[in-house]
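Engineer: Structure in structure tokens, see below.
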Amino acid sequence: MIPRPILTADQMRAAEAKAVAAGTPVETLMERAGAAAATAIRLHAGTMPCLILCGPGNNGGDGYVIARKLQEWGMDVRVAAVGEPQSAAAASAKAAWTGAVDPISNAKHAPLWIDALFGTGLRRPLDETIVGPFLKLASEARVRIAIDLPSGVATDTGQILSTVPSFHLTITFGSLKPSHLLMPAAQQMGRLVVADIGVEALSSVHEIGRPSMDSPSPLEHKYRRGYAAILAGDMPGAAALSAAAALHAGAGYVRLIGEAAGAFLPNAVVRTPGDPVEVLADPRIGAVAVGPGLGRGERARHLLDAALASNRPLVLDADALSILAEGKLSRLCKATHRSILTPHAGEYAKLFPDHEGSKLDQALRAARETGCVIVYKGADTVVACPDGRAAIAHAAPAWLASAGTGDVLTGIIAALRSTTTSPFGAACAGVWLHGRAAELAGPALIADDLIDQLPAAIAECL
Ligand SMILES: NC(=O)C1=CN([C@@H]2O[C@H](COP(=O)(O)OP(=O)(O)OC[C@H]3O[C@@H](n4cnc5c(N)ncnc54)[C@H](O)[C@@H]3O)[C@@H](O)[C@H]2O)[C@@H](O)CC1
Ligand SMILES: [K+]
């Protein structure tokens, strides 16, 4: 699957301007957007009576086109508006709508409710006079569909500027926008449809889609299939989860270095008690994971130092991040291989206390500053690379918020990193496999269940 691009409001406007400069008038783009949305609405919701709320900008213009299309198809359509059209394209879309237009304060509810008030041009929270009827009409509808974005959502940051109801479907144009995937806005979107309107959407930011993976060739041997070393510290159960996950994520050889909780460890994991320095000198090691259950004492620091000195590709998580946050982050910039850092929000705040802005902007900044691939975890995990590429995951099941699931992700990414020269690709693929394993594991999952589901998740990628 080719991951779809994500464009900010400004980037989308620039792409639209380019299409217009190349000879496609805005009116044509709006006509395409409205027609595509009308088709998606009918496919999703059928032909029930509908109310379309139209705003003053081109999002409202799309709404008038949708109204005309649905009416042409015989549907019972009503339109209510906030203000008069402010652009020529929206004005001509309104002029082509032959039905009545009520003020929003007078609008009568309908079972199908379509929000074409504001899209990428929203500048501030909706006025109180609009929010009241907007939410009331939403609550009275059976199906709620947003055009481009739910009104009240900031396009680029995932912020909700004023109260937004939850939608069943969001139909966007040309490309995804950051808020379709960034929380908290993302959870209001419902299903996402991206309609092609003939605007070329190019971006260095993409959604995280299903990766394409290869079965091992008959000529491979276990070391070439990926040799991942996991360092175990004070809480060996966490490192054991990483090690088992690395094996089930396809590594050919996994060595757990340090004392480990044997009871829950697959026999296939090679256990090496004692000091890691000598073992890590093995040039066959493709990736070293350190952090899960590491602790923060003297031994933990020694293990982390050994990992940093090993000059192997690193995956750094949990306690390793907390130790690095004590002013040691610059050590990573000197590493031969690009390291992967996997902080959750708490660890991120310790590592980068002065970062502000959207999660996407922050992760990109962290990647630039450290020279590392950043996996900024959460319901809306963002992966960012120092070269400016980034990717955002679709919301993973909230059941993932439980002990040990991060340790599993670290092991998966270490396994994938051990066979590739692309830490960014390994991180994105790892995040996808982790989320998919959670879906397959179902409600009330525990971290160990994810490991059991990894082979099935991988099977979908072959
Ligand atoms: N990007 C593209 O290629 C295309 C975009 N189209 C549509 O155009 C939309 C963007 O159009 P616009 O830039 O006109 O933006 P919007 O339609 O989102 O709204 C902008 C208008 O709303 C006003 N406004 C902003 N925030 C407000 C608030 N809180 N309360 C009251 N008024 C407010 C602004 O002053 C402006 O008049 C997209 O979301 C999409 O739906 C489509 O028409 C087709 C092509
Ligand atoms: K909208």
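Counting in the numbering used here, the sequence shown runs from 715 upward without gaps. Just so you know, even glycine gets a beta-carbon here, dropped at the ideal spot from N, CA and C. In this text, all values refer to a predicted model and were calculated from it rather than measured experimentally.
1) Compute the beta-carbon to beta-carbon distance between Gly769 and Phe832, rounded to the nearest angstrom, for a pair I have assumed lies under 8 Å.
2) Quick check: what's the CA-CA separation for Thr742 versus Gly813?
3) Identify whether Glu992 lies in helix, strand or coil by the three-state DSSP scheme.
4) Span of the beta strand (DSSP E) holding Glu1061?
5) Any chance the CB of Leu851 is under 7 Å from a heavy atom of ligand 2?
6) Using 8 Å as the threshold, is the C-beta distance between Asn773 and Gly872 below it?
7) Tell me Cys768's beta-bridge partners as DSSP assigns them.
8) Rounded C-beta distance between Ile1037 and Arg1010? I'm assuming under 8 Å.
9) In chain order, what residues of the same chain lie with their CB nearer than 8 Å to the CB of Met927, ignoring the 5 residues before and after it?
10) Can you find a heavy atom of ligand 4 that lies under 7 Å from the Cβ of Ser801?
11) Checking the sheet assignment: what are the DSSP bridge partners for Glu921?
12) Of the choices Leu1159, Asp1162 and Arg1150, whose alpha-carbon is the least far from that of Ala1170?
13) With respect to 7 Å, is the separation between the Cβ of Val913 and the closest non-hydrogen atom of ligand 1 below this value?
14) From the DSSP output, read off the bridge partner residues of Thr663.
15) Starting from Arg1052, trace the alpha helix (DSSP H) both ways and give me its first and last residue.
16) Any idea what DSSP makes of Ile861, helix, strand or coil?
17) Between which residues of its own chain and Ala749 is the CB-CB distance below 8 Å, once the five residues before and five after are set aside?
18) Taking 7 Å as the cut-off, is the C-beta of Asp829 nearer than that to any heavy atom in ligand 2?
19) Distance check for Ala1063 and His1179, CA to CA, integer angstroms please.
20) Does any CB atom of chain D fall closer than 8 Å to the CB of Ala1152?
21) Reducing DSSP to helix, strand and coil, say where Ile999 ends up.
22) Would DSSP call Ala1093 helix, strand or coil?
23) Got a sec, what are the start and stop residues for the alpha helix (DSSP H) Phe1138 sits in?
24) By a C-beta neighbour count over all protein chains shown, 10 Å radius and 16 as the cutoff for buried, is Arg856 buried or exposed?
25) If you check the beta carbons only, do Ser1053 and Leu1043 fall under 8 Å apart?
26) Entirely within the region 726–786 and at least 3 residues each: give me those beta strand (DSSP E) ranges in chain order.
27) Going by DSSP, what residue range makes up the alpha helix (DSSP H) through Thr1084?
28) Since Arg905 sits in a beta bridge, which residues does DSSP pair it with?
29) Measuring CA to CA, which of Ile766, Gly1118, Pro879 and Val1089 is closest to Trp827?
30) If we count Cβ pairs, one from each stretch, closer than 8 Å, do we get three or more for the region 912–929 versus the region 876–884?
31) If we call anything under 8 Å between Cβ atoms a contact, is Asp1033 one with Gly1005?
Structural biologist: Inspection of the coordinates gives the following:
1) 5 Å
2) 21 Å
3) helix
4) Counting along the chain, Glu1061 falls outside any beta strand (DSSP E), though it belongs to the alpha helix (DSSP H) covering Ala1059 to Leu1065.
5) Placement of the Cβ of Leu851 at a distance of 7 Å or more from every heavy atom of ligand 2 is found.
6) no
7) Ala795 and Ala830
8) 6 Å
9) Within the same chain, Met927 has close Cβ partners Gly964, Ala1143, Ile1172, Cys1175 and Leu1176.
10) Ligand 4 is absent from the structure shown, which contains only ligand 1 and ligand 2.
11) Ile1106
12) Ranking the options by Cα distance to Ala1170, first place goes to Arg1150.
13) yes
14) There is simply no residue 663 to check, as the chain begins at 715 and stops at 1176 in what is shown.
15) First-last for Arg1052: undefined, no H or E at that position.
16) Secondary structure at Ile861: strand, using DSSP grouped into helix, strand and coil.
17) Val779 and Lys783
18) Yes, the beta carbon of Asp829 sits closer than 7 Å to at least one heavy atom of ligand 2.
19) Residue 1179 lies beyond the residue range present for the chain, which begins at 715 and ends at 1176; the question has no answer from this structure.
20) Considering every chain present, this structure includes no chain D. It has just one protein chain.
21) coil
22) coil
23) Pro1137 to Ala1155
24) exposed
25) no
26) Correct list: 764–768.
27) Lys1073 to Thr1084
28) Leu883
29) It is Ile766 whose Cα lies nearest to the Cα of Trp827.
30) No: fewer than three Cβ pairs fall under 8 Å.
31) yes
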